[in-house]
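Residue numbers (my numbering), protein chains in the order written: chain A, 1 to 167; chain B, 1001 to 1082.
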C-alpha cells in the first residue's frame, strides 16, 4: 500500500513534515533523569515498557583461538573467517533499554496537540527490520505526532523488512 | 567494515568509527531514484564496492554524506561494550 501511495505521489502525514522543523523529544530512562527534567520545567509522558518477545537477537560467545580470550559478536560469518571457537549462542533481547517497567518522554510545556516531533529514542520495543541471520533491529528514532495524551509513531510494522541501511 | 545494527555505528575492520548511520526519514535505497534522495537533495552513496579506507576518507571529507551499506556484504555484530 505504501509503495502504491508513493507511485501515486500520495504522501503520508509524516512525509509531509520537514525533519529540520521538528523538535526533538528526549527520553528519560531513569528516575534521576525524570526528576532532572521536572526540575528543568519539562513535563513527563510516561510509557509502559515491556520487552517485546518478538525481538530476537543472537549473541555468539567465542574464544579467540590464539589468545584464549573470551569475546562476543553476532555474525556467524566471523566464525568462519576468524577461526574463533564458539562457546555458546544466546538469543534474546539485549541490551535492555531499561530495567524499569516504564520510561518517560520529556515534553516541553508548550507542546501542542497534533504537533509533529522527532522521538530521539523510542521507548517501546518496535521492530524496524530484520537481517538474514534472523536478528531483529529495533526502531530507535522516528517522527511522531503528539495527540495530547500519546505519541503516534511513524512506524508501520508491516514495512519492517530491509537488508540494507541508509544514513 | 563492521556494523552494529543496534546503534547504527559503522566501523572499519580495525574498529575505527566511520559513521553513525541514521536516516530520520527511514528511507530505503529502493525508494530512491538512481540513488538520489529527493528529501535531502543529494545522492546516497552505495559503499558496496568501496574499501574501508575509501569510505572513511569520503566521510572525513564530507561528513554529511549519506551512504548505503548492504548488511550481506559486511560484518554485523554488537561491536561496542554495553
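Cβ atoms here follow ideal geometry from the backbone N, Cα and C, with glycine treated the same way. None of these values were measured; they are calculated from a predicted model.
- The Cβ neighbour count for residue 136/A, taken over all protein chains shown within 10 Å, is at least 16; the residue is labelled buried.
- About 7 Å separates the beta carbons of residue 109/A and residue 42/A, which is inside the 8 Å limit, making them a contact pair.
- Around the CB of residue 113/A, fewer than 16 other CB atoms lie within 10 Å, so the residue is classed as exposed.
- The shortest C-alpha to C-alpha distance from residue 1039/B to any of 46/A, 14/A, 60/A is the one to 14/A.
- DSSP places residue 63/A in the strand class (E or B) of the three-state scheme.
- As the crow flies, the alpha-carbon of residue 1023/B is around 28 Å from that of residue 34/A.
- By the Cβ neighbour-count rule, residue 99/A is exposed, with fewer than 16 other Cβ atoms within 10 Å of its own.
- Under the 10 Å beta carbon count, residue 12/A is surrounded by fewer than 16 other beta carbons and is classified as exposed.
- Look at residue 29/A here: in three-state DSSP terms it is coil, with no helix or strand label.
- Shown here, residue 20/A sits in a helix according to DSSP, grouped into three states.
- Each of 23/A, 139/A, 85/A was checked against the Cα of residue 121/A, and the nearest Cα belongs to 139/A.
- In the displayed model, residue 1004/B falls within a strand according to three-state DSSP.
- Taken in chain order, the whole beta strand (DSSP E) runs of length 3 or more contained in the segment 101-161 of chain A are 102-107, 115-119, 127-130, 136-138, 142-146, 151-153.
- For residue 92/A, the enclosing beta strand (DSSP E) stretches over residues 85-92.
- Rounded to whole angstroms, the gap between the alpha carbons of residue 1009/B and residue 111/A is 31 Å.
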